[in-house]
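Under the numbering used here, the first residue of the sequence shown is numbered 31, with each subsequent residue one higher. From the three backbone atoms N, C-alpha and C, an ideal C-beta is built for every residue, glycine too.
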Amino acid sequence: MPNTTSTIANIVLKQSEDYELIITMDSTYTTTNKTYQAKVVKDFDGTSFTHSGGSVTSVSGTVAADNSAKTITVSFTAAQTQGFPNNFEGYWDLLEKDTTSGTKYTRQAEGEVDVLNSATSTF
């Protein structure tokens with residue numbers, strides 16, 4: 031997956047289950063001097079939705095970059111996935127900031143999000 035284009039990756043979050051997406055970049059990519067954010071939103075207008083009993087406009091994932099493996103891992107915990115309302119549909123993206131320039135942002139990945147209901151909550 032080259033860093034010169036944004037990748038479309040639709041994701042399905044199963045309530046009460048940890049989720050992890052590993053994005054493999056091309057061999058020339060470096061994570062040095064870069065920070066990342068990954069968020070799930072209902073829509074791009076910032077419409078509020080219920081998550082874990084409260085009203086939010088986004089849910090942030092954890093992002094870990096591995097320069098030697100040329101990967102960026104986006105993850106959501108079981109508690110986070112459980113917090114989404116049944117049949118939630120929305121969008122997500124992974125934004126990269128080059129800290130050497132301070133102003134260069136790149137959307138490395140994006141897509142739709144679907145949440146599958148869970149009959150059993152976490153233990």
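Extent of the continuous beta strand (DSSP E) to which residue i belongs
{"i": "Thr-103", "result": "101-106"}
{"i": "Ser-85", "result": "84-86"}
{"i": "Asp-96", "result": "92-96"}
{"i": "Thr-79", "result": "The question names Thr, yet the displayed sequence has Phe at residue 79. Unbroken beta strand (DSSP E) run through Phe-79: 79-81."}
{"i": "Thr-54", "result": "49-54"}
Through-space distance from residue j to residue i, alpha-carbon basis
{"i": "Ala-149", "j": "Pro-115", "result": "13 Å"}
{"i": "Ser-105", "j": "Thr-58", "result": "24 Å"}
{"i": "Asp-144", "j": "Glu-119", "result": "5 Å"}
{"i": "Leu-124", "j": "Ser-46", "result": "22 Å"}
Residue i, DSSP secondary structure in three states
{"i": "Gly-120", "result": "strand"}
{"i": "Ala-68", "result": "strand"}
{"i": "Ala-139", "result": "strand"}
{"i": "Thr-129", "result": "coil"}
{"i": "Thr-111", "result": "helix"}
{"i": "Tyr-59", "result": "coil"}
{"i": "Thr-150", "result": "coil"}
{"i": "Asp-73", "result": "coil"}
Residue i burial status per 10 Å Cβ neighbour count (16 or more: buried)
{"i": "Tyr-135", "result": "exposed"}
{"i": "Ile-52", "result": "exposed"}
{"i": "Pro-32", "result": "Since pLDDT at Pro-32 reaches only 42, below the 50 mark, its modelled position is unreliable, and no value is offered."}
{"i": "Glu-50", "result": "exposed"}
{"i": "Thr-130", "result": "exposed"}
{"i": "Gly-25", "result": "As displayed, the chain neither begins before 31 nor continues past 153, which places residue 25 out of reach and without an answer."}
Residue i and residue j closer than 7 Å at C-beta
{"i": "Ala-139", "j": "Thr-37", "result": "yes"}
{"i": "Leu-146", "j": "Lys-72", "result": "no"}
{"i": "Ser-98", "j": "Thr-87", "result": "no"}
{"i": "Thr-61", "j": "Ala-95", "result": "yes"}
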